[in-house]
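Below: one structure, written as structure tokens.
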Amino acid sequence: MVAKKEADNSFDSVIKLCCAEEECEPEELSEVVLDEENLPKITKADMSGDIAKCENLTLINLTCCGLTSIDAPFPELPNVQTVDMSENKLTSDVLDKFSNLSALRLLVLRGNLIETVDEFKALRDLKALQAIDIEGCPVTKVANYREKIFKMLEQVEVIDDRGREGEKVDMARLLGLTNEDGELVSEGSEESDGDDGDVLDALGREELRKMLDLEDDDDEEEEEDSDPDENDKSEDEEDVDPDIPPVAKNDENSEDAEQEEESSQPPATKKARKGGVK
């Protein structure tokens, strides 16, 4: 669900817009999604008002909203699994604002102004946290930034699509995401058993999109390679040179033809054959 109106300088106003669009109460709201398509500007997100009532909220997506700061920690929201605040102007002090999100699995802060590694220790108590995306932030220029953050956060398995050993990680597999068409879905997942759709909605990143598309391309190539109609020849079929006349088959029809030919020869020819046999 995406709020399409421009919000004022209040996170509470965003909640109200989302509830109005969904025609629901804050207690029933499951997603808050604002993105670059509608470009709302809330700059400074306060945590007062109805946000504390959103007990069923699972996804918070505030990308490209012009956010510069969050004035207080998020209230206790026990079902929030994904927070995506990428492409804003948030600094390192934003990292201590997620401490009450006990179910948080994925934190996307790419393209912000986070500069220091030490601030990530604020995420230590988030035991469910599996993946962090901070690509494009100044902190990624710090030498061995991944190793330093991994050392602080023992529960985290992936930082910027890389695991603890530096290996490339399939984010969809790690987070239990499935998609039959290889395309990113939004607004939850009716086909999945749990909250995979909510997590996937926040993973609208080009890397994951390419990864999922690539998997489908590989499947298509395998299907093409296994096509029984392509270049398929039977064992008995042989190449035929069009310049060589076909060899007559030695069947009953050919024998009858030879007999007819002999009977049609002139008598002199028959006598000559008899005379030569003496």
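Take 1 as the starting number for the sequence shown in UniProt numbering and just add one per residue. Using N, Cα and C, we set each Cβ at its ideal position, and we do this for glycine too.
Between the Cα of residue i and the Cα atoms of the options, which residue gives the shortest distance?
i    : options                  : result
V83  : L175, V32, R164 and V142 : V32
G49  : I134, V14, L67 and A122  : V14
L106 : C54, K141, L174 and T68  : L174
E27  : C54, L129, E165 and K89  : C54
I114 : K127, L67 and E157       : L67
For residue i, I'd like the list of residues in its chain whose CB is within less than 6 Å of its CB, leaving aside the five on either flank, ordered along the chain.
i    : result
E87  : T63, C64 and G111
A131 : L106 and V158
R164 : F150
Can you give me the Cβ contacts of residue i inside the same chain, cut-off strictly under 7 Å, excluding the 5 residues immediately before and after it?
i    : result
F120 : L95, I149, M152 and L153
K274 : Below a pLDDT of 50, predicted positions are generally treated as unreliable, and K274, at 38, falls in that range; no measurement from the model is reported.
P75  : M47, I51, A52 and N100
E25  : C19
V142 : V117
S92  : I114, E115, T116 and E119
K278 : With a pLDDT of only 35 at K278, under 50, the local geometry of the prediction cannot be trusted, and no value is derived from it.
Taking 8 Å as the limit between beta carbons, can you name the residues of its chain near residue i, skipping five residues before and five after?
i    : result
K168 : D161 and R162
D71  : K44, A45, D46 and M47
L57  : L29, S30, E31, V32, L77, N79 and V80
T140 : I134 and D160
D12  : D46, S48, G49, D50 and I51
F98  : P73, F74, V83, L104, L107, A122, L123 and L126
Please confirm whether any heavy atom of the ligand NAP lies closer than 7 Å to the CB of residue i.
i   : result
A20 : The ligand NAP is not among the ligands present in this structure, which contains no ligands whatsoever.
The alpha helix (DSSP H) spanning residue i covers which residue range?
i    : result
A172 : M171 to L174
G126 : Just to set this straight, residue 126 is Leu in the shown sequence, not Gly. It is not in any alpha helix (DSSP H) - L126 carries neither H nor E in the DSSP assignment.
Quick one: is residue i buried, meaning 16 or more other Cβ sit within 10 Å of its Cβ, or exposed?
i    : result
N144 : exposed
Q155 : exposed
R146 : buried
C137 : buried
A128 : exposed
Counting along the chain, where does the beta strand (DSSP E) carrying residue i start and finish?
i   : result
V14 : No beta strand (DSSP E) holds V14; the alpha helix (DSSP H) holding it covers F11 to E22.
Beta strand (DSSP E) runs wholly inside the region 73-104, at least 3 long, in chain order: 82-84
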